[in-house]
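Heads up: the structure comes next, in structure tokens.
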Amino acid sequence: MKSNPIEQSHLLTNRRQFFGKASTGIGVAALSSMLQADKPNGQAKALPGLPHFAPKAKRVIYLLQSGAPSQVDLYDYKPSLEKLHLQELPEDVRKGQRLTGMTARQAKFPLVKSPFKFHRHGESGMWLSELLPHLGGVADDLCKITSMHTEAINHDPAITFFQSGHQQPGRPSLGSWLSYGLGSETENLPSFVVMLTKNSFNQAQPIYDRLWGSGFLPSRFQGVKLRSQGDPVLYLNDPAKQDAKSRRNLLNSIAKLNAKREAEIGDPEINTRIAQYEMAYRMQMSVPELANINDEPESTFNMYGDAAKEPGTHAYNCLMARRMAERGVRFIQVFHRGWDHHSNCQGNLPTLTKQTDQGSAALIADLKQRDMLKDTLVIWGGEFGRTVYAQGNPASFGRDHHPRCFSIWMAGGGIKGGLTYGKTDDFCYNVVENGVHVHDFHATILHLMGIDHEQLTHRFQGRDYRLTDVHGNVVDGIIA
Amino acid sequence: MSIKSNFTLSFFLLLCALTTLQASEEQVTVEFNQHIRPLLSNKCFTCHGPDANKREAGLRLDLRESAIATLDSGVQAITPGVPEESEVWARINSGDEFTRMPPAGHGDPLSATEKSLIRNWIKQGAKYQTHWAFNSPERTPLPTVKQTRWPENPIDYYILRKLEQNGLSPSSPASKETLIRRLAFDLTGLPPSLSEIDRFLADQSDDAYQRLVEQYLASPAYGENLASVWLDLARYADTNGYQYDTERKHWVWRDWVIHAYNQNKSFDDFTKEQIAGDLIPNSTPEQILATGFNRNHGITIEGGVIGEEYRTEYVMDRLITTSSVWMGLTVGCARCHDHKYDPISQKEFYQLYAFFNLVPERGQSGFQPQMQINSPLASSRMQALTGRIQNLEASLPAAREDLSGLEDWAKSIASSGNTWHVQKPDSAKSSGGTTITPQEDQSLLVSGVNPQKDIYTITYETTQTNITAIRLECLTHPSLPGGGPGRHTNSNFVLTGIELTASPTNKPEQSQKVTFREAKADYNQANWHVSSALDPNTATGWAVDGPTRKLPATAIFIAEKPFGFDAGTTLNLTLKHEASFGTHGIGRPRISLSTSDPKGLSFQGLDGAIVDAARVTPQKRTAIQQQLLQEHYIANHGPAQAIQVELARLRQQQSQGFPQTMIMRDQPGIRTTHILNRGQYNEPTDEVQAGTPTVLPGMDNQSPANRLGLANWLMSPQHPLTARVAVNRYWQMFFGNGLVKTAEDFGNQGALPSHPQLLDYLALEFQHSEWDIKHLHRLIVSSATYQQTSHVGRDKYIADPENLLLTRGPRMRLTAEQVRDNVLAVSGLLLNTVGGPSVYPYQPKGIWLELNNRPGYSRAYPQGTGKQLYRRSLYTFWKRTVPSPMMKTLDAPEREFCTLKRSLTNTPLQSLLLLNGIQFVEAARHMATAVLHQPFESDSQRISHAFRVATGRHPDNTELELLLEAFQQQANDFQNDTESVTNLLSVGDSPVDTSLNAVELATWTALCRILLNLDESITKG
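Chains A and B are the protein sequences, given in the same order.
Residue numbering for the first sequence follows the working numbering, starting at 240 and increasing by one per position.
Residue numbering for the second sequence follows the working numbering, starting at 3 and increasing by one per position.
What follows is the structure, encoded as structure tokens:
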């Protein structure tokens, strides 16, 4: 569907007239700045005073690995486990850590070393599992944080905590805080977009709309799903499939009648409505253009792998994330489910890394070759870690949920590359150095985006809420 | 936006806010509640307020006694009358960043205006007032006004007084067309019909409007509209929330709400029944049903959660919801520490918590207590059903006597090759000390301890030989978790192994192992097929989706070769439960044997004893055999059977009609309540008893110290909050904002009332009318304030964007439900039946499964068919983790928690929904169809009519011209584009009216799409 330039300019003229009228006296923009900051195109603009300081990252791509990947088998190399293998987890290491109902009544907690080999990569010599060969290729761009920790021990509260800074539903998600604070950078796309890997392993943990919801922030700040089946954005396509000209006619008629009404009544909401219909029209063109990967050269698919040609794969979503980053989407989140390996880690992990490794690594390399990595923050990680001890039979071991330590990585956007940050004990059970709590993680992301996490607040029920509640310290050690 | 204009605007608003404060400041009395408290609360209370643990320098500024006392440091924070001797004054003016208050990071320094307020207040004696909302409402004389002809009722005096103080005038009355549309949506959530509009326009009598009000108040749609607002507060949903978000059937409670509003149940009863209906002496089932209000919170079924962690959250949710809804207080802030701003201590929080902490419930899958209660909306339907059941039951005895077909039937089954002999167990024991109790039907009910792993060993004696298969029925029982088949709290079991040995009864040492060549079950959980019970691997086994499917399951194990000894056989059966997921034993097993050819065997074959009896000639049968045959014949084959089937169907309707609804129940003594350190479930400290915060009037001594006492306390005439909070929220429903803008917070941090005396007038009027909700609504919509026009021009919108002074009538976008209901109504598609189970309107494919595709825990969206697609939106199935995108796009909340005010946004996604959503495009087609069937002569008449259908008013000439132009364009576009015509007309499930010309219908459909997308069509006012 192509826009008709003549019709476009005609409409713009009309719109200038509408807004021209409105801007006598106090402008529409002035009015809406009191209610909710809007640009004339209907998109949100930044809150006054934001960003608080020069941002190091302009956008975030967050590859969320739902279900909790095993740090012991992927990132946190523990040669010490060779000796400890099959020994019982000492009580002075566990220190009364509460366990989930799945292993709480297990009679023994035998430690199990990773069955996978680790190798050093890059100039930094970063240790990574043999399951992550592609990631090894970009090791010098990664900051691997092995000292993450959280409080939640079950999926729902843990992932809700990661997404909103609170374990129970009701708070705005990270992406919606960013949209609320910084407004929208693009004219044609939402500022917060969510993608899901389709056809996940059917025992995967479910996820939920609240993870990209806006909580008590206005609902316009919630993430918009970009889907790999049906309409890429819900209701994007005209079911009548009328051609662009008829479509434009229809929208022009609506706009003219709305404008006339606004002139009579004076309610500025009507102007906003006109702008939103225009934005909808632009999205009808910009989203198909975004999703059309036929314009990518073959070299792209050499990087991301052939899976990137298939909509809905992790690799495809990584490629789409890059395309959105190029188009000014501020916060892009990819959800990949299936890491919850309570049994058969040895069999399950390679399946999952095969789905995620190449695309994640390609995304970093691709951003870098486009000189976009420097201001794009890429994050990869789950909601907690997994136990070093076996769930079930050590021969066919699984690993239970572990909140005390786990690993994630960040890259680009003001992050030091080639850095392994934080340290865990020989049992891969407790953090011993430079712990990074979820609140610290949030504070750091906001900081990189030019936001003081203590100053981005929203008053709700009498209280100034923030993403980091009353906690959080920026992790200076990982910032370049 | 220019700086100048922004300044002008702020200045204007400041004037509005500080009407009593004039330039010559010292002449004016500074009011603590209006001017000082908000300042102190915002800038100081965090460190110098009610929270004892965070208090700095021992200074507390929310109490005068403490504020004027000499501090340990020797200074006095406030010296009444002498700002210069007040440390507060010095500190807020300090040039030193280390002594200036508030300190860096705790908010901006005070502005010049704010400082001068503080100064004057101290100078005038630093008088404190109780926070306005904690004083009982006071009746004041009606304010005097200049425009005495304007007011229609007392509301208007208060509004007009403030307008006149600001030198403003009210707007003229809205046109009748605007007014009826506003009223119809506000009271019924639906647009007025054209005939209602015509009647109202033609009615010149003085009471035309009042009669219209009465008509809408009496409409069943009124209850539905009010209910849909209440459902947000009550966080009602059709699913359990949290990550699996499985279905719950709680809609009977929703029916209760609709019924209550339509019956005009007093807000007093409405409250007491929902909070404590179960505790009202001699409570009726409907009163108990009402308590479903506080079971609307989410309930997790996630494996591995710690139950108490979640049960604690449920109680928190009840307390926070109840406090927000009835008191407008943010008590949740006192969960972890004393409230920072309001005088509610952490101890008082847990005293309130205690009221909700006696429910006999669990954290994981805590659906009990439940009760099957009839919907109050369906009593007539139920009466009819009961009558038919009674008639059939009466005819049953005669039908049972008729045994004329018995012998023919007996012959027909004598040669059956599909029989099962139920076996009586001889002994049964458990490896884990579980109690196993034989039941009359030969099943074994398992109870008592629930070990991680358990192996049942059961022996049987049988005279059967040539045994080909055994059958294991896993039956359900009310004593098992969730009434399901397994022993785990989620109702599941995992059978990891089954072993059988057979030995001649007289030679037990000659025991032989029976091997099975095949296993099959009538239900297998994905990846947990019964065949895996035959392998030695304990990591695999048979499971049956207990969490979601609480039904019996049956497995058949076919022997490698037939077994059984002529001299009688002792069977030793072992059922193993050794999965890593513990406590997954079978709850009530029953074993049968078959000697039939396995090929013909089914899960529910005939009982072997009956077949044996049938094989015997009538004369030779024992009395027991004859009785067995007769009973089976009567129950399954004779003339009584047809009656039984019909009865079962009707009874099922009866029970399906009314699922178990979750209700509140107290079990005194079940647990004690403690203060929870940091609000953590596992850090209890001091024990507390149920009680109410001391800042509010105490509970009546006569009232019990339970939820009923709490409800009585809320509704007592002395309670300063309940009535104000309720009327404020209703005001918000009509005007967009409450008189207190923060409907959710009447505490120190909340907004001050814009019209405090009006708020008190309405609160008292509500109380004195015996909490008559319709009376209150009638009062509001009858005011001249409500009836003002909203067509006032840009300047007035800019002067007061949120209409806080009420210089104009309300103009608002419809709510999510109303937007959709409106198109259904104007297109004639709406199925207007009241109440019942939730329905599944159009939804894009795949949006449930793409988030959760776990078998047994998720399913594809079961989109409805036929009329179920066109019911009012409050009946739309509400899935918390994936709400209907139609509702969510239009700002409906997820309902994971109580929402007191929805945001009202204006987004491109809304435009896309209204333009392209199937529901909306189909409605445009139906609207066009109806328009085309109208006997008009010209297109322009027809367009006029269509415009009226959509907006409720006649178009003017300009609009008509624009629409004619649009119509011509669309006609041209469709003329040569049959594909688009077909595409457009085929949107939606409903059939196309083929009596109409397709191109013409498409053109009119396009025109109706334009009309239904107008701002005006989704707006009232």
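We put the CB at the ideal spot given by N, CA and C, even for glycine.
Since residue i and residue j are thought to touch, with beta carbons under 8 Å apart, how far apart are those beta carbons, to the nearest angstrom?
i	j	result
Ser1019 (chain B)	Thr931 (chain B)	Contact doesn't hold; Cβ gap of about 18 Å is too wide.
Ser458 (chain A)	Thr907 (chain B)	5 Å
Asn427 (chain A)	Ser525 (chain A)	4 Å
Leu302 (chain A)	Leu370 (chain A)	Actually they are not in contact, since the Cβ atoms of Leu302 (chain A) and Leu370 (chain A) sit about 16 Å apart, beyond 8 Å.
Consult DSSP for residue i and reduce its assignment to one of helix, strand or coil.
i	result
Cys584 (chain A)	helix
Gln425 (chain B)	coil
Phe565 (chain B)	strand
Tyr458 (chain B)	strand
Tyr352 (chain B)	helix
Gln24 (chain B)	With a pLDDT of only 39 at Gln24 (chain B), under 50, the local geometry of the prediction cannot be trusted, and no value is derived from it.
Phe518 (chain B)	strand
Leu387 (chain B)	helix
Leu274 (chain A)	With a pLDDT of 39 at Leu274 (chain A), under the threshold of 50, the modelled position of that residue is not reliable, and no figure is offered here.
Ala399 (chain B)	The sequence given here has Pro at residue 399 (chain B), not Ala. Three-state DSSP puts Pro399 (chain B) in a helix.
Val267 (chain A)	Note that Val267 (chain A) scores 36 on pLDDT, short of 50, meaning its location in the model is unreliable and no value can be drawn from it.
Ser1019 (chain B)	helix
Lys260 (chain A)	Caution is warranted here: a pLDDT of 35 is assigned to Lys260 (chain A), below 50, making its placement in the model unreliable, and no coordinate value can be reported.
Cys335 (chain B)	helix
Ser432 (chain B)	strand
Can you check DSSP and say which residues form a bridge with residue i?
i	result
Glu689 (chain B)	B:His676
Trp648 (chain A)	A:Lys383 and A:Trp619
Glu672 (chain A)	A:Lys662
Met341 (chain A)	Partner(s): none; Met341 (chain A) has no beta bridge.
Met518 (chain A)	BP columns for Met518 (chain A) are empty, so no partner.
Ser596 (chain B)	B:Ala471
Gly499 (chain B)	B:Lys578
His358 (chain A)	A:Leu367
Ala555 (chain B)	B:Cys476
Ala973 (chain B)	DSSP lists no partner for Ala973 (chain B).
_Check whether the segment 571-578 of chain B and the segment 484-501 of chain B are in contact - that is, three or more C-beta pairs closer than 8 Å._
Touching, yes, given that three or more Cβ pairs across the two stretches are closer than 8 Å.
*Residue ranges of each beta strand (DSSP E) within the segment 684-710 of chain A, 3 or longer*: Correct list: 697-699 and 702-704.
*asked:* Along the segment 502-535 of chain A, where does the CB come closer than 9 Å to a CB of chain D? Name the residues.
replied: This model lacks chain D altogether, as its protein chains are A and B.
_For the segment 505-525 of chain B against the segment 421-431 of chain B, do three or more pairs of beta-carbon atoms, one drawn from each stretch, fall closer than 8 Å, so that the two count as touching?_
Result no; under three Cβ-Cβ pairs closer than 8 Å.
*Below 8 Å, can you find three or more Cβ-Cβ pairs linking the segment 221-239 of chain B to the segment 886-901 of chain B?*
Per the Cβ contact rule, the segment 221-239 of chain B is in contact with the segment 886-901 of chain B (3 or more Cβ pairs under 8 Å).
*Evaluate the contact criterion for the segment 857-874 of chain B versus the segment 202-214 of chain B: three or more CB pairs, one atom per stretch, below 8 Å.*
The answer is no - the segment 202-214 of chain B does not touch the segment 857-874 of chain B, with fewer than three Cβ pairs under 8 Å.
*Using 8 Å as the threshold, is the segment 908-918 of chain B in touch with the segment 514-531 of chain A, meaning 3 or more CB pairs across them?*
Contact holds: three or more Cβ-Cβ distances are below 8 Å.
*Would you call the segment 656-674 of chain A and the segment 318-328 of chain A in contact, with 3 or more CB pairs under 8 Å?*
The segment 656-674 of chain A, when compared against the segment 318-328 of chain A, does touch it at the 8 Å Cβ threshold.
*Should the segment 55-65 of chain B be called in touch with the segment 334-350 of chain B, which here means at least 3 C-beta pairs below 8 Å?*
Between the segment 55-65 of chain B and the segment 334-350 of chain B, the count of C-beta pairs closer than 8 Å reaches three or more; the two stretches touch.
*Can you find at least 3 beta carbon pairs, one from the segment 383-392 of chain A and one from the segment 635-644 of chain A, that sit closer than 8 Å?*
The segment 383-392 of chain A vs the segment 635-644 of chain A: in contact.
*Can you find at least 3 beta carbon pairs, one from the segment 285-296 of chain A and one from the segment 546-559 of chain A, that sit closer than 8 Å?*
Counting Cβ pairs under 8 Å, fewer than three are found: no touch.
_contact_flag[the segment 914-927 of chain B, the segment 824-839 of chain B] where n(CB pairs < 8 Å) is 3 or more_ = As far as the Cβ criterion goes, the segment 914-927 of chain B touches the segment 824-839 of chain B, which means the pair count is three or higher.
*Which ranges does the alpha helix (DSSP H) cover as unbroken runs of at least 4 residues, wholly within the segment 266-331 of chain B, from first to last along the chain?*
With a minimum length of 4 residues, the continuous alpha helix (DSSP H) runs that stay inside the segment 266-331 of chain B are 269-278, 287-292 and 309-329.
*Which runs of the alpha helix (DSSP H), 4 residues or longer, sit entirely within the segment 685-750 of chain B?*
Every alpha helix (DSSP H) of 4 residues or more that sits fully in the segment 685-750 of chain B is shown, in chain order, as 709-717 and 724-737.
*Specify whether the segment 951-968 of chain B and the segment 439-458 of chain A touch according to this definition: at least 3 beta carbon pairs, one from each stretch, less than 8 Å apart.*
Counting C-beta pairs with one atom in each stretch, the segment 951-968 of chain B and the segment 439-458 of chain A have fewer than three that are closer than 8 Å, which means they do not touch.
*Could you say if the segment 406-421 of chain B and the segment 556-571 of chain B meet the contact criterion of at least three C-beta pairs nearer than 8 Å?*
By the C-beta criterion, the segment 406-421 of chain B is judged not to be in contact with the segment 556-571 of chain B, since fewer than 3 inter-stretch pairs fall below 8 Å.
*Check whether the segment 675-683 of chain A touches the segment 708-717 of chain A, taking contact to mean three or more Cβ pairs, one atom from each stretch, closer than 8 Å.*
Enough Cβ pairs lie closer than 8 Å, so yes.
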